[in-house]
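Asker: Per our numbering, residue 634 is the first one in the sequence shown, and the count goes up by one each step. For each residue, glycine too, the CB sits at the ideal point set by N, CA and C.
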Amino acid sequence: MLFKQQAWLRQKLLVLGSLAVGSLLYLVARVGSLDRLQPICPIEGRFGGARNQAEFPLRALQFKRGLLHEFRKGNASKEQVRLHDLVQQLPKAIIIGVRKGGTRALLEMLNLHPAVVKASQEIHFFDNDENYAKGIEWYRKKMPFSYPQQITIEKSPAYFITEEVPERIYKMNSSIKLLIIVREPTTRAISDYTQVLEGKERKNKTYYKFEKLAIDPNTCEVNTKYKAVRTSIYTKHLERWLKYFPIEQFHIVDGDRLITEPLPELQLVEKFLNLPPRISQYNLYFNATRGFYCLRFNIIFNKCLAGSKGRIHPEVDPSVITKLRKFFHPFNQKFYQITGRTLNWP
Ligand code: A3P
634 MLFKQQAWLR QKLLVLGSLA VGSLLYLVAR VGSLDRLQPI CPIEGRFGGA
684 RNQAEFPLRA LQFKRGLLHE FRKGNASKEQ VRLHDLVQQL PKAIIIGVRK
734 GGTRALLEML NLHPAVVKAS QEIHFFDNDE NYAKGIEWYR KKMPFSYPQQ
784 ITIEKSPAYF ITEEVPERIY KMNSSIKLLI IVREPTTRAI SDYTQVLEGK
834 ERKNKTYYKF EKLAIDPNTC EVNTKYKAVR TSIYTKHLER WLKYFPIEQF
884 HIVDGDRLIT EPLPELQLVE KFLNLPPRIS QYNLYFNATR GFYCLRFNII
934 FNKCLAGSKG RIHPEVDPSV ITKLRKFFHP FNQKFYQITG RTLNWP
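1. Here's the rule I'm using: 16 or more other beta-carbon atoms within 10 Å means buried, otherwise exposed. How should K751 be labelled?
2. Which one of L928, A738 and V714 has the shortest CA to CA distance from R816?
3. Take the Cβ of K804 as the centre, count every other Cβ of all protein chains shown within 10 Å, and call the residue buried at 16 or more, exposed below.
4. So for R923, helix, strand or coil by DSSP?
5. What did DSSP end up calling V750 once you bin it into helix, strand or coil?
6. Which stretch, first to last residue, makes up the alpha helix (DSSP H) that contains A847?
7. Please list the terminal residues of the continuous beta strand (DSSP E) segment that includes L811.
8. Would you call the region 883–890 in contact with the region 957–976, where contact means no fewer than 3 C-beta pairs closer than 8 Å?
9. Going straight from the alpha carbon of N761 to that of L875, what length do you get?
10. Indicate, with yes or no, if the ligand A3P has a heavy atom lying under 8 Å from the CB of R732.
11. Curious, which full-length alpha helix (DSSP H) runs of at least 4 residues does the region 861–920 contain?
12. So the alpha helix (DSSP H) E787 belongs to, where does it begin and stop?
13. Thinking C-alpha only, which one of Q754, L719, V798 and I813 is nearest R613?
14. Ordered along the chain, which non-local residues of its own chain (more than five positions away) have a Cβ less than 7 Å from that of I823?
15. Could you tell me if the beta carbon of G735 falls within a distance shorter than 8 Å of some heavy atom in the ligand A3P?
16. On a CA-only basis, which of E872, N935 and Y765 is nearest F964? Give me that one, please.
17. Buried or exposed: N837, going by 16 or more other Cβ atoms within 10 Å of its Cβ?
18. Tell me whether N828 counts as near the ligand A3P, meaning its Cβ is closer than 8 Å to at least one heavy atom of that ligand.
19. Please go through the same chain and pick out, in chain order, the residues whose beta-carbon is closer than 7 Å to the beta-carbon of K774, but skip the five residues on each side of it.
20. Give the single residue among P777, T820, P781 and G768 whose Cα lies nearest to the Cα of I802.
21. Starting from G730, follow the beta strand (DSSP E) in both directions and report where the run begins and ends.
22. Just to check my reading of the structure: K967 and V855 have Cβ atoms closer than 8 Å, yes? What is that Cβ distance to the nearest angstrom?
23. Can you find the residues in the same chain that come closer than 7 Å, C-beta to C-beta, to D849, ignoring five residues on each side of it along the sequence?
24. Between which two residues does the alpha helix (DSSP H) containing Y803 stretch?
25. Go ahead and pull the three-state DSSP assignment for F964.
26. Starting from Y825, trace the alpha helix (DSSP H) both ways and give me its first and last residue.
27. Taking D911 as the reference, which of K711, N764, M742 and A726 has the closest Cα?
28. Using the Cα positions of L811 and L901, report the straight-line distance between them to the nearest angstrom.
29. Cutting at 8 Å between CB atoms, please list the residues of its own chain near G943, excluding the five before and the five after it.
30. Determine the DSSP secondary structure at N764, reduced to helix, strand or coil.
31. Out of curiosity, what's the CA-to-CA distance linking N916 and A748?
32. May I ask whether a heavy atom of the ligand COA can be found less than 8 Å away from the beta carbon of I892?
33. Could you tell me the boundaries of the alpha helix (DSSP H) in which L740 lies?
34. Less than 9 Å separating the beta-carbons of F758 and W771?
35. Say yes only if the C-beta of F925 is nearer than 8 Å to one or more non-hydrogen atoms of the ligand A3P, and no if none qualify.
36. Contact check, S779 vs L723 under 8 Å by CB: the rounded distance?
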């Protein structure tokens with residue numbers, strides 16, 4: 634009798650176990666598609682490839698992403714690449730800056746979209762003369778494999794402040810979309826300084842205090858020769874870009890808001906890139922230990938940015954902060970006026 638009961642119980646457990654595994658597998662497949670509860674929808678707008686777009690629902694692109702991931706590891710043969718219709722495409726949009734504005738976070742978050750493929754490394758093609766001399770085919774070959782209907786995005790924050798870059802990008806594609814992520818200028822300058830300071834400390838070197846670099850000791854005015862200060866004068870750099878591209882080709886991302894409230898900022902970028910809205914709150918979760926939002930691709934795969942993003946800044950003399958904020962104020966007003974985006978900086 635006892636033996637019979639045990640066998641019956643084992644059988645029941647087996648059925649329940651299979652059901653649980655089945656449901657889990659279904660959930661993985663379902664959630665992994667990222668376009669849950671939404672109708673399958675082709676990619677809109679001008680990023681369409683040569684084929685009939687209706688043949689490429691976003692869900693299919695999302696599914697194929699798993700394959701892409703394998704290819705990215707570099708194990709694909711030429712035959713596999715051809716078979717899966719993979720190509721290395723020049724970017725349709727570039728995050729041109731600003732250094733320490735949140736460029737990595739923006740790129741990684743946009744990569745949550747099934748129609749976006751990121752170039753993982755900063756390529757430094759347009760700002761580095763040696764790379765630029767290698768030609769556009771060299772640049773294209775640095776791009777990740779993607780499906781023709783996807784768009785490639787790269788980020789190299791040095792582009793924003795490098796003199797030659799706007800003309801070079803214009804020569805490649807005069808209708809390219811340009812993303813600029815900015816943070817409150819003084820905070821950005823301190824973040825910039827913190828990164829350099831950490832590099833020095835790693836090499837056991839000493840470095841000046843921020844105050845000493847940012848303020849000219851002779852005049853007691855803001856030191857405009859200090860690179861971290863100059864980079865934060867956004868309007869000066871943008872004016873150089875505007876000699877080549879109309880303002881409509883730029884989109885300004887609020888880097889401070891991307892930290893605290895990433896979704897609305899990403900939705901604005903989706904709109905700017907003519908992509909159907911696919912990034913949702915599900916894809917972003919706040920990690921209290923990191924103090925930042927992290928990324929959730931599906932029920933299994935999630936990640937936070939590396940520890941080098943979100944450093945603790947050194948304390949800076951409040952009078953220096955006030956001086957810097959006063960200095961940046963008129964440049965900020967001009968920046969708001971040119972871009973049509975007002976950011977509530979002091
Ligand atoms: P701090 O290190 O000063 O906090 P970049 O990628 O352009 O170098 O920018 C780095 C900045 O991205 C970090 O500056 C951090 O504040 C910001 N950031 C925005 N969103 C983030 C996120 N989800 N995780 C980590 N850092 C993020």
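Answerer: The structure says:
1. It is buried - the Cβ of K751 has at least 16 other Cβ atoms within 10 Å.
2. With distances taken between Cα atoms, R816 lies closest to A738.
3. Burial state of K804 is exposed, judged by a 10 Å Cβ sphere holding fewer than 16 other Cβ atoms.
4. In this structure, R923 counts as coil in the three-state DSSP scheme.
5. Of the three classes helix, strand and coil, the one that applies to V750 here is strand, per DSSP.
6. That run of the alpha helix (DSSP H) goes F843 to A847.
7. Element bounds for L811: K810 to V815.
8. Short answer: they touch.
9. Rounded to the nearest angstrom, the gap between the Cα atoms of N761 and L875 is 21 Å.
10. Flag set: Cβ of R732 near the ligand A3P.
11. Listed in chain order, the alpha helix (DSSP H) runs fully inside the region 861–920 are 867–874, 888–893 and 895–905, counting runs of at least 4 residues.
12. Counting along the chain, E787 sits inside no alpha helix (DSSP H); it lies in the beta strand (DSSP E) bounded by residues I784 to K788.
13. No information on residue 613 is available, as it lies outside the stretch 634 to 979 that the chain covers here.
14. For I823, the CB contacts under 7 Å within the same chain, skipping 5 residues up- and downstream, are F843, H946 and V949 in chain order.
15. The beta carbon of G735 sits closer than 8 Å to at least one heavy atom of the ligand A3P.
16. It is E872 whose Cα lies nearest to the Cα of F964.
17. An exposed status is given to N837, since fewer than 16 other beta-carbon atoms sit within 10 Å of its beta-carbon.
18. This sequence places Gln at residue 828; Asn is not what is there. Checking the 8 Å criterion, the Cβ of Q828 is within range of a heavy atom belonging to the ligand A3P.
19. Answer for K774: Q721, listed in chain order.
20. Cα-wise, what sits closest to I802 is G768.
21. Counting along the chain, the beta strand (DSSP E) containing G730 begins and ends at A726 to G730.
22. Their Cβ separation, rounded to whole angstroms, is 17 Å, which puts K967 and V855 out of contact at 8 Å.
23. Within its own chain, the residues whose Cβ lies closer than 7 Å to the Cβ of D849, once the five positions on either side in sequence are excluded, are N856, listed in chain order.
24. Y803 -> alpha helix (DSSP H) spans V798 to M805.
25. Helix.
26. Note on residue identity: the sequence assigns Asp, not Tyr, to residue 825. Under the DSSP assignment, D825 falls in the alpha helix (DSSP H) whose first and last residues are P818 to R835.
27. One point to set straight first is that residue 911 is Arg, not Asp, in the sequence displayed. Comparing Cα-Cα distances from R911 to each of K711, N764, M742 and A726, the minimum goes to M742.
28. Their Cα atoms are separated by approximately 13 Å.
29. Beyond the five residues adjoining it in sequence on each side, G943 comes within less than 8 Å, by CB distance, of R923, G924 and F925 in the same chain, given in chain order.
30. Three-state result, N764: helix.
31. N916 and A748 have their C-alpha atoms some 15 Å from each other.
32. With respect to the ligand COA, the structure shown offers nothing to examine, as its ligands consist of the ligand A3P.
33. In the DSSP assignment, L740 falls within the unbroken alpha helix (DSSP H) covering T736 to L743.
34. Contact check for F758 against W771 passes: the beta carbons are separated by less than 9 Å.
35. Yes.
36. Between S779 and L723 the beta-carbon gap is near 11 Å, outside 8 Å, which marks them as no contact.
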